[in-house]
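Visitor: Got a structure here, written out as structure tokens. Questions coming.
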Amino acid sequence: MDTALIDILCLILLFLGILGTFLPVLPGLLLSICGLLIYKFGTDADLSMIYIWAFVVLTIASVILNYVIPAKTNQRYGGTRWGSIGSVIGTIGGIFLPIPLGFLVGMFAGVFIGELLHDSKDMNKALRSTKGAFIGFIYGTGFSFVVGVAMFLVVVLDMLAII
């Protein structure tokens, strides 16, 4: 296969990976990693393996943090363990909802319901906890976005022989 076609395919995968960090229909950083690996091993690129390993570790960290950060910020905003557990259960359950952004709706519903199960009389606390989960989601998405953009830039800079 022509090297130029491989380069274009890699850039498309990296770009789609960036979009996937905030669009749930795309697998985000997994697409970016595929683009990075195809670029490294499908072309005659001199890209160091240090970049590959660093981005693999950052991608794994991002996947884990996308579940952990909302649960932790939920607690920071006054939520309880019930809300944190609800966050994780809701996120996983929301993936299977046949609606756009189902994972996000599931996460918020999980936090809110978890807090209400813990203390059904304090709806304000449940709302604050849900706000914390939302802020955590923004942090996690931001981290994933930065990692995706970094992968894209490393490949582009390597293509241009700058790094």
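Each residue of the sequence shown is one higher than the last, beginning at 1 in the UniProt record's numbering. Cβ coordinates follow ideal geometry from the N, Cα and C atoms, glycine included. Only a predicted model underlies this, so the values are computations on that prediction, with no experimental measurement involved.
Shortest alpha-carbon distance to Met-49 belongs to which of Ala-61, Ile-60, Met-123, Leu-36?
Guide: When each option's Cα is compared against that of Met-49, the closest is Leu-36.
Visitor: Within the stretch 109-152, note down every full alpha helix (DSSP H) run reaching 4 residues or more, in order along the chain.
Guide: List check, alpha helix (DSSP H) in window: nothing returned.
Visitor: Could you give the DSSP three-state label for residue 169: helix, strand or coil?
Guide: Since the displayed the chain opens at 1 and closes at 163, residue 169 lies outside it and no answer follows.
Visitor: What do you reckon, are the CB atoms on Leu-14 and Val-155 nearer than 8 Å?
Guide: Closer than 8 Å, so yes.
Visitor: Using only the alpha-carbon positions, how far apart do Ser-120 and Phe-143 sit?
Guide: Cα-Cα distance, rounded: 34 Å.
Visitor: Decide if the stretch 97-104 is in contact with the stretch 73-84; the criterion is three or more beta carbon pairs, one per stretch, under 8 Å apart.
Guide: The answer is no - the stretch 73-84 does not touch the stretch 97-104, with fewer than three Cβ pairs under 8 Å.
Visitor: Sort Phe-55, Ile-69, Thr-59 by Cα distance to Lys-40 and report the nearest one.
Guide: Ranking the options by Cα distance to Lys-40, first place goes to Phe-55.
Visitor: Ordered along the chain, which non-local residues of its own chain (more than five positions away) have a Cβ less than 7 Å from that of Ile-113?
Guide: Only Gly-86 meet the Cβ criterion.
Visitor: Could you give the DSSP three-state label for Tyr-77: helix, strand or coil?
Guide: Tyr-77: coil per DSSP, three-state reduction.
Visitor: May I ask you to report which of helix, strand or coil DSSP gives Thr-43?
Guide: Three-state DSSP puts Thr-43 in coil, outside helix and strand.
Visitor: Among the candidates Ile-95, Leu-23, Tyr-51, Thr-21, whose CA atom is the shortest distance from the CA of Leu-157?
Guide: When each option's Cα is compared against that of Leu-157, the closest is Tyr-51.
Visitor: Taking a contact to mean a Cβ-Cβ separation below 8 Å, would you say Leu-74 touches Ala-133 in this structure?
Guide: Before going on, a small fix: residue 74 reads as Asn here, not Leu. Yes, these two residues count as a Cβ contact at 8 Å.
Visitor: Between which two residues does the alpha helix (DSSP H) holding Ile-8 run?
Guide: Segment 3-20, the alpha helix (DSSP H) holding Ile-8.
Visitor: Indicate the three-state DSSP secondary structure (helix, strand or coil) for Ile-92 in the structure shown.
Guide: Here Ile-92 sits in helix by DSSP.
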